[in-house]
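Chemist:
Number of protein chains: 2
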Amino acid sequence: MKASPTTLKSISHGNKIRLEILRVSTDIASAEGLEGLTIGRLAKDAGMSKSGLFAHFGSKEDLQLATLEAAALTFAEQIIEPTANVEPGVKRLVAMLEAWIQSVEKSNYRGGCLFFSASAEMDDRPGKVRDLLAELTESWVIALNNEAKLAVRLGELREDCNVELLIFQIHGFVQEANWFYRLHNEKRAFDWARKSIDQILRFLRTGGEKI
Amino acid sequence: MKASPTTLKSISHGNKIRLEILRVSTDIASAEGLEGLTIGRLAKDAGMSKSGLFAHFGSKEDLQLATLEAAALTFAEQIIEPTANVEPGVKRLVAMLEAWIQSVEKSNYRGGCLFFSASAEMDDRPGKVRDLLAELTESWVIALNNEAKLAVRLGELREDCNVELLIFQIHGFVQEANWFYRLHNEKRAFDWARKSIDQILRFLRTGGEKI
DNA sequence: TGACATATAGCACGTTCGTGCTATATAACT
DNA sequence: AGTTATATAGCACGAACGTGCTATATGTCA
């Protein structure tokens with residue numbers, strides 16, 4: 004979640020207008036993609052002139068980077084922070100996942116999870132945007148991994164638990180739920196994800212039978 | 004997998020040039036997306052003039068539809084047909100999944116699975132393209148469901164097996180592997196997907212312990 | 001109050017987008 | 001051989017793209 008100096012500084016010194024622009028841009032980008040997020044469209048939605056808005060960012064690439072960082076900030080506020088003081092281990096892992104699922108289910112943005120759509124869009128376009136996106140999403144995967152490892156150390160999950168595989172599966176369930184819901188309007192997908200997570204964790208809890 | 008009359012007719016009456024164009028367009032679209040697939044870029048890659056190429060399709064939307072259909076044709080040839088005469092039930096289900104995984108792993112297209120990237124791109128853009136994409140991907144999900152149901156009927160999977168949930172999980176594993184590989188260059192992701200599928204199927208096989 | 005920094009708008013640029021219209025090759029058929 | 005259908009190219013259009021340059025408001029501080 005390390006941010007480039009420029010945008011982070013600009014965000015933190017209380018530039019309310021910039022924040023408002025980014026609120027709009029995350030919304031557009033979630034639906035139209037980071038490339039579909041055009042300056043003209045964003046200016047209209049934000050009620051500004053193209054050049055007036057553009058002055059806040061030196062380039063489209065900077066706008067995309069700032070948009071990703073804004074989304075990461077929201078993600079941290081809504082998902083990471085609220086679960087920081089939950090009891091460590093499986094309890095907190097489940098809380099993190101449930102918060103994540105709910106954020107996708109309630110979809111703060113018009114187009115659902117921005118990181119999901121941006122991933123498919125940018126994974127073949129080398130550059131700073133792709134790099135930042137990879138960094139942000141990886142940090143979430145790592146956070147989940149760390150919590151699962153902690154659960155193993157606490158004796159809540161089995162010693163022989165393949166943590167990386169577990170997080171791969173669980174992470175996949177949530178992304179699949181987003182895909183199913185967004186493309187096929189399948190609202191049950193979120194409960195499928197919940198059930199799947201529950202199923203897998205029950206297996207790996209200490210005291211269960213070996214797989 | 005029903006195709007629009009126009010494009011299907013054009014494909015089937017042996018228009019080799021059109022097929023060659025679509026081979027290029029699927030490649031571009033897999034990497035740049037269906038919107039990033041521009042007429043000019045496609046013309047250059049195909050060694051034609053913009054207008055000369057455009058004459059084969061009445062509109063960009065038609066080009067996108069034809070590109071999706073071409074990808075679906077390849078999908079059918081490489082994944083569905085070769086597994087059609089595998090022994091029905093779990094064996095064939097696994098064969099379908101393995102063929103699918105390999106097609107993503109070896110990635111015929113430069114940008115990986117076209118349906119995956121197109122899903123994230125189009126899920127918020129109502130229209131014919133989105134509709135066709137939803138139809139094509141759904142038909143694959145249905146095919147997997149049917150094979151799993153058959154496995155239950157054959158007594159290979161447990162009676163109380165929640166087939167819809169099972170396919171949700173398995174389908175998610177493969178999509179997650181594509182995501183992991185494409186964005187994070189994580190080649191182990193495909194083995195994770197294989198291992199996950201194997202794990203889940205072993206559980207649901209008759210004779211195992213109840214979950 | 002005057003100097004100065006900042007935010008916004010106006011305008012224009014070169015490029016590329018999708019998409020028409022028209023002319024010319026090439027192939028097929030009578 | 002002459003007509004006709006098809007494929008391709010040339011060209012131009014209006015619009016939107018990202019991005020500069022310049023002028024004007026709107027503060028902030030001396």
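Here the protein sequences come in this chain order: A and B. Read in order, the letters of the first sequence are residues 4 to 214 in our numbering. Read in order, the letters of the second sequence are residues 4 to 214 in our numbering. Where a beta carbon is used, it is the ideal one built from N, C-alpha and C, also for glycine.
Looking only at its own chain, which residues have a Cβ that is under 6 Å from the Cβ of residue 205 of chain A, when we skip the five neighbours before and after it?
Modeler: none
Chemist: Give the range of the alpha helix (DSSP H) segment to which residue 89 of chain A is assigned.
Modeler: Premise fails: residue 89 of chain A is in no alpha helix (DSSP H) and is neither H nor E.
Chemist: Find the residues of chain B that neighbour residue 186 of chain A, judging by a C-beta separation of less than 9 Å, and give them in chain order.
Modeler: 122, 123, 125, 126, 133, 136, 137, 140, 141
Chemist: Assuming the contact rule is C-beta atoms closer than 8 Å, residue 41 of chain A and residue 70 of chain A should be a hit. Round their C-beta distance to whole Å, please.
Modeler: With 8 Å as the limit, residue 41 of chain A and residue 70 of chain A do not qualify as a contact, their Cβ atoms being about 12 Å apart.
Chemist: Taking the straight line between their C-alpha atoms, what separation do you get for residue 174 of chain A and residue 141 of chain A?
Modeler: Going from the Cα of residue 174 of chain A to the Cα of residue 141 of chain A covers about 11 Å.
Chemist: Taking three-plus beta-carbon pairs below 8 Å as touching, is the region 92 to 109 of chain A in contact with the region 187 to 199 of chain A?
Modeler: These segments touch.
Chemist: Any contact between the region 174 to 183 of chain B and the region 151 to 166 of chain B? By contact I mean 3 or more CB pairs, one from each, below 8 Å.
Modeler: no
Chemist: Who are the Cβ neighbours of residue 46 of chain A in its own chain at under 7 Å, not counting the five residues just before and after it?
Modeler: 52, 53, 56
Chemist: Cβ of residue 98 of chain B within 8 Å of Cβ of residue 86 of chain B?
Modeler: Cβ atoms of residue 98 of chain B and residue 86 of chain B: closer than 8 Å.
Chemist: Listing by chain order, which chain B residues have their CB less than 7 Å from the CB of residue 198 of chain A?
Modeler: 168
Chemist: Beta-carbon of residue 72 of chain B versus every beta-carbon of chain A: anything under 8 Å?
Modeler: no
Chemist: Assuming residue 36 of chain B is part of the alpha helix (DSSP H), what are its boundary residues?
Modeler: 19 to 39
Chemist: What residues of chain B sit near residue 67 of chain A, judged by a beta carbon separation below 7 Å?
Modeler: Chain B residues near residue 67 of chain A: none, gap ~15 Å exceeds 7 Å.
Chemist: If you follow the alpha helix (DSSP H) that residue 59 of chain B is part of, which residue opens it and which one closes it?
Modeler: Where residue 59 of chain B is concerned, there is no enclosing alpha helix (DSSP H), given that its DSSP letter is neither H nor E.
Chemist: Taking C-beta pairs closer than 7 Å, name the residues in chain A that residue 193 of chain B reaches, listed in chain order.
Modeler: Listed along the chain, the chain A residues whose CB falls inside 7 Å of the CB of residue 193 of chain B amount to none; the nearest CB is some 11 Å away.
Chemist: Would you say residue 34 of chain B faces chain A, with C-beta separation under 8 Å as the test?
Modeler: yes
Chemist: Under the rule that 16 or more other beta-carbon atoms within 10 Å means buried, what is residue 100 of chain A, buried or exposed?
Modeler: Per the 10 Å Cβ criterion, buried.
Chemist: At what residues does the alpha helix (DSSP H) containing residue 235 of chain B begin and finish?
Modeler: Past the boundaries of the shown model lies residue 235 of chain B; chain B is included only from 4 to 214, so the question cannot be answered.
Chemist: Measuring only between beta-carbons, confirm whether residue 43 of chain A sits less than 8 Å from chain B.
Modeler: no
Chemist: With DSSP run on the structure shown, which of helix, strand or coil describes residue 11 of chain A?
Modeler: Model confidence at residue 11 of chain A stands at a pLDDT of 35, short of 50, so the residue's coordinates are unreliable; what they give is reported in the following sentence. Note: residue 11 of chain A maps to helix in three-state DSSP.
Chemist: Mapping DSSP to helix, strand and coil, what is residue 208 of chain A?
Modeler: In the structure shown, residue 208 of chain A falls within a strand segment according to DSSP collapsed to helix, strand and coil.
Chemist: Would you please verify whether the beta carbon of residue 78 of chain A is less than 8 Å from any beta carbon of chain B?
Modeler: Using a CB distance cut-off of 8 Å, residue 78 of chain A does not count as an interface residue toward chain B.
Chemist: If you draw a straight line from the alpha carbon of residue 200 of chain B to that of residue 83 of chain B, how long is it in whole angstroms?
Modeler: 18 Å
Chemist: Is it true that the CB of residue 136 of chain A sits closer than 8 Å to the CB of residue 224 of chain A?
Modeler: The shown model of chain A, from 4 to 214, leaves out residue 224 of chain A, and the question about it has no answer.
Chemist: Give the straight-line distance between the Cα atoms of residue 124 of chain A and residue 124 of chain B, rounded to the nearest whole angstrom.
Modeler: 7 Å
Chemist: Beta-carbon of residue 81 of chain B versus every beta-carbon of chain A: anything under 8 Å?
Modeler: no
Chemist: Bridge partners for residue 160 of chain A per DSSP, in chain order?
Modeler: The partner list for residue 160 of chain A (beta bridge, DSSP) reads A:208.
Chemist: Using a Cβ-Cβ distance cut-off of 8 Å, determine whether residue 162 of chain A contacts chain B.
Modeler: no
Chemist: DSSP three-state call for residue 125 of chain B: helix, strand or coil?
Modeler: helix
Chemist: Shortest alpha-carbon distance to residue 90 of chain B belongs to which of B:20, B:157, B:25?
Modeler: B:157
Chemist: Hey, does residue 171 of chain A have any beta-carbon neighbour from chain B nearer than 8 Å?
Modeler: The beta-carbon of residue 171 of chain A is placed less than 8 Å from the nearest beta-carbon of chain B.
Chemist: Considering Cα atoms alone, identify which of A:185, A:22, A:133 is closest to residue 115 of chain A.
Modeler: A:185
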